[in-house]
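> Sharing a structure with you now.
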Amino acid sequence: MSTKRWILCAFVFISCVLASSHRPLDENQLFVQDVLQSDGKDYCKPYGQIRDTCCDYQSVESIQSDTFSKIQALVQSKFFKYYKLNLWRECPFWNDDGLCMNRDCSVATTDESLLPEEWRQDALGALQMSPKGSAFQPFKVCTYKDQDFCVADDPSDQDVVYVNLLDNPERFTGYTGPSAGKVWQAIYEENCFNIVHKMSEGCPTCSAISPVPSNSPPLGPLLQDLAGPTGDDGDDEVCLEKRVYYRLISGLHSSISIHICDEYFDRTTGQWGPNLDCFVNRIGAHPERLQNIYFTYAVVLRAVTKLDDYLAQYPFQTGDVAEDEKTKILIHDLISSTKDCPATFDEKTMFQGADSRSLYVEFRDHFRNVSRIMDCVGCEKCRLWGKLQTTGLGTALKVLFAYEDKSLSYRSNPRLLNHNEVVALFNTFNRLSESLEAIQKFRKMYADRLAPPPQQRQLAQTVGDWLKWLLDGARTMAHKLIKLGQLPVPSFLDDPLEPLDPL
Ligand SMILES: Cc1cc2nc3c(=O)[nH]c(=O)nc-3n(C[C@H](O)[C@H](O)[C@H](O)COP(=O)(O)OP(=O)(O)OC[C@H]3O[C@@H](n4cnc5c(N)ncnc54)[C@H](O)[C@@H]3O)c2cc1C
Ligand SMILES: *[C@@H]1O[C@H](CO)[C@@H](O)[C@H](O)[C@H]1NC(C)=O
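Sequence positions in the sequence shown follow mature numbering (1 follows the signal peptide of the UniProt record, and there is no 0) and run -19 to -1, 1 to 484.
Here's what the structure looks like:
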């Protein structure tokens, strides 16, 4: 091979390698691009009123940015980082043998002797609170009051353990397949007032999970519909209470999915980190799921703010008076900073119709059942967070619906919430806050993928300049060679050669 030919080949090779770094978007990205180009609106940034609440998306995001560091500090405090539960209760509804044996599924427990003695006495006290006159009696041990939306673990059970939540973060565990699917299915199909199909009617993306469809319709119109107060999303005939129920469950589900995607384990690199494709598949491509997180956040936030007075007198009993005081200040400070939008949700609009009492009982009993279904989750860590978050949501519902406002003071109702309910409520609020935080992160990652950030752009520009320089060089060289008549022009050089004067 002649030297000239070598030089040309080297130029061509380098040019091709450089050119190939400008890969075209793959199918997945094109689909995402569809979602993004929704009328010039930001991806995953819904606008307008959150349906069935008194709040719009922007207010929720602004409350979120004011409170995020506060709730994060709170859940790291001594009172809030320990949760007590039974991780090994049998699934009461079916035989589950799909226990996840993955290391990431297991939970590290905390030795009870390291914790304040008062907490153990609290557990014994809770036993005396067994219900009187509850109509709902399907389980042997009654660990709930008439007002409770959850069936709690029996605190005297030998299997009850303390868990340090900070040591056991909710994240990707690899728990999936029929066992996980069955739990979600039971929740939606048997415990959701049978409205799942109605709620997802007119929602072409609802059942589209993975793989991402290559030619799905643009989601712009959907995003707009669902954000608007008079959205035409086919669920108008479902009454408010049932919609609220469905949205709460779906919002919780979305939130769990986001945590999985935000702390995802990449098997190829062995690293934990956010996974944009996971987010797009599970949430980003389904606007209604995204919106349901905001909804659930608004409801839980409302319950938290209603507890301001109650918690100001709550005995945290961490074994350290200064720590108790600090906890109170943190909570009050957190709640004060949410007052911008005082009523994110108006609980008074619920259960007002003719059949309100039976609807209320049904709502509560379905939710209690969901809390029992959590014992069917076949992965310890998922079960821990599933139980905690259903307890947190159930606590919010109890605060909002089971009591008159005047019964929410510590003086008139000191037993309103037990230790675990307070811990669960605030940790659930924190998980939802983390989801909103993660949505912003994914929004940014998504934008970066489509249009690289300045640094990358700069690099791309440098590479572009280089490429130009090389191509110019190649062109000149090829030009010369062609002139010499020694070489045929390779077809892929046609393009770069075009601007040159015809030979
Ligand atoms: C209580 C619970 C806790 C879990 N915790 C973890 C965990 O901590 N870590 C972990 O890695 N895995 C966890 N899992 C498993 C995880 O939730 C998924 O089931 C699993 O990752 C498989 O996901 P998937 O994409 O098949 O869809 P899934 O999330 O299993 O969803 C099943 C179906 O429900 C519908 N759906 C999905 N999202 C929504 C929504 N937001 N609203 C309405 N409908 C929806 C879709 O039709 C979907 O096909 C948990 C499961 C349960 C039941
Ligand atoms: C409770 O859940 C189980 C399992 O999904 C279901 O079979 C049962 O009908 C539910 N009961 C109530 C009261 O919702």
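Ideal placement from N, C-alpha and C gives every residue a C-beta, glycine not left out.
Alpha carbon to alpha carbon, how far is K461 from W450? Give it in angstroms, no decimals.
Numbered from its first residue, the sequence shown carries residue 450 at position 469. Numbered from its first residue, the sequence shown carries residue 461 at position 480. The straight-line gap from Cα to Cα measures roughly 16 Å.
> Any contact between the stretch 293 to 308 and the stretch 406 to 422? By contact I mean 3 or more CB pairs, one from each, below 8 Å.
Because the criterion of three Cβ pairs below 8 Å is not met, the stretch 293 to 308 and the stretch 406 to 422 do not touch.
> Measuring only the C-alpha atoms, how far is S40 from R392?
Translated into the one-based positions of the sequence shown, residue 40 becomes position 59. Translated into the one-based positions of the sequence shown, residue 392 becomes position 411. Distance between the alpha carbons of S40 and R392: 33 Å.
> Do L292 and K309 have their C-beta atoms closer together than 9 Å?
As a working mapping, residue 292 is identified with position 311 in the sequence shown. As a working mapping, residue 309 is identified with position 328 in the sequence shown. Yes.
> Measuring from the CB of E222, is there a heavy atom of ligand 2 at a distance below 8 Å?
Here the question's residue 222 lines up with position 241 in the sequence shown. Checking the Cβ of E222 against ligand 2 gives no.
> Report the three-state DSSP secondary structure of N196 (helix, strand or coil).
Reading the sequence shown from its first residue, position 215 is the one you call residue 196. Confidence is the limiting factor: at N196 the pLDDT is only 33, short of 50, which leaves the residue's position unreliable, though a coordinate-based value still follows. Correct three-state label for N196: coil.
> What number of angstroms, rounded off, separates the C-alpha of A266 from the C-alpha of S390?
For the purposes of this step, residue 266 is taken as the residue at position 285 of the sequence shown. For the purposes of this step, residue 390 is taken as the residue at position 409 of the sequence shown. Looking at the two C-alpha atoms, the distance is approximately 43 Å.
> Rounding to the nearest angstrom, what Cα-Cα distance links V404 and C360 in this structure?
Residue numbering aside, residue 404 sits at position 423 when the sequence shown is read from its first letter. Residue numbering aside, residue 360 sits at position 379 when the sequence shown is read from its first letter. Straight-line Cα distance between these residues: approximately 22 Å.
> Across the stretch 355 to 374 and the stretch 64 to 73, are there enough close Cβ pairs to call them in contact, namely three or more that are closer than 8 Å?
Flag = yes, the stretch 355 to 374 and the stretch 64 to 73 touch.
> State yes or no: is the C-beta of C384 within less than 9 Å of the C-beta of L365?
Taking the first residue of the sequence shown as 1, we reach residue 384 at position 403. Taking the first residue of the sequence shown as 1, we reach residue 365 at position 384. According to the sequence shown, residue 384 is Tyr rather than Cys. Going by C-beta atoms, Y384 is not nearer than 9 Å to L365.
> What residue ranges within the stretch 366 to 454 form continuous alpha helix (DSSP H) runs of no fewer than 4 residues, ordered along the chain?
With a minimum length of 4 residues, the continuous alpha helix (DSSP H) runs that stay inside the stretch 366 to 454 are 400 to 431.
> Please go through the stretch 298 to 322 and give each complete alpha helix (DSSP H) segment of 4 or more residues, from N-terminal end onward.
Complete alpha helix (DSSP H) runs here, min 4: 302 to 317.
> For K26 versus P255, is the C-beta spacing smaller than 9 Å?
As a working note, residue 26 is residue 45 in the sequence shown. As a working note, residue 255 is residue 274 in the sequence shown. Not in contact: K26 and P255 (Cβ atoms no closer than 9 Å).
> By the DSSP assignment, the alpha helix (DSSP H) with W165 in it spans what residues?
One-based indexing of the sequence shown puts residue 165 at position 184. Where W165 is concerned, the enclosing alpha helix (DSSP H) stretches over 159 to 166.
> For T91, name the three-state secondary structure that DSSP assigns.
Taking the first residue of the sequence shown as 1, we reach residue 91 at position 110. DSSP places T91 in strand when its eight states are reduced to three.
> Could you tell me the alpha carbon to alpha carbon distance between S50 and L448, rounded to whole angstroms?
Taking the sequence shown and counting its residues from 1, the one referred to as residue 50 is at position 69. Taking the sequence shown and counting its residues from 1, the one referred to as residue 448 is at position 467. Those two C-alpha atoms are separated by around 46 Å.
> Do E93 and G300 come within 9 Å of each other at the CB atom, strictly closer than that value?
The count along the sequence shown starts at 1 and reaches residue 300 at position 319. The count along the sequence shown starts at 1 and reaches residue 93 at position 112. Their beta carbons are not under 9 Å apart, which means G300 does not touch E93 by this criterion.
> Can you tell me where the alpha helix (DSSP H) holding Y143 begins and where it ends?
Residue mapping note: residue 143 aligns to position 162 of the sequence shown, counting from 1. Premise fails: Y143 lies in the beta strand (DSSP E), 141 to 145, not in any alpha helix (DSSP H).
> Rounded to whole angstroms, what is the Cα-Cα separation between V56 and G445?
Position 75 of the sequence shown, counted from the first residue, corresponds to residue 56. Position 464 of the sequence shown, counted from the first residue, corresponds to residue 445. Cα to Cα, the separation comes out at about 48 Å.
> So, with DSSP's three-state summary, where would you put W100?
Residue numbering aside, residue 100 sits at position 119 when the sequence shown is read from its first letter. DSSP places W100 in helix when its eight states are reduced to three.
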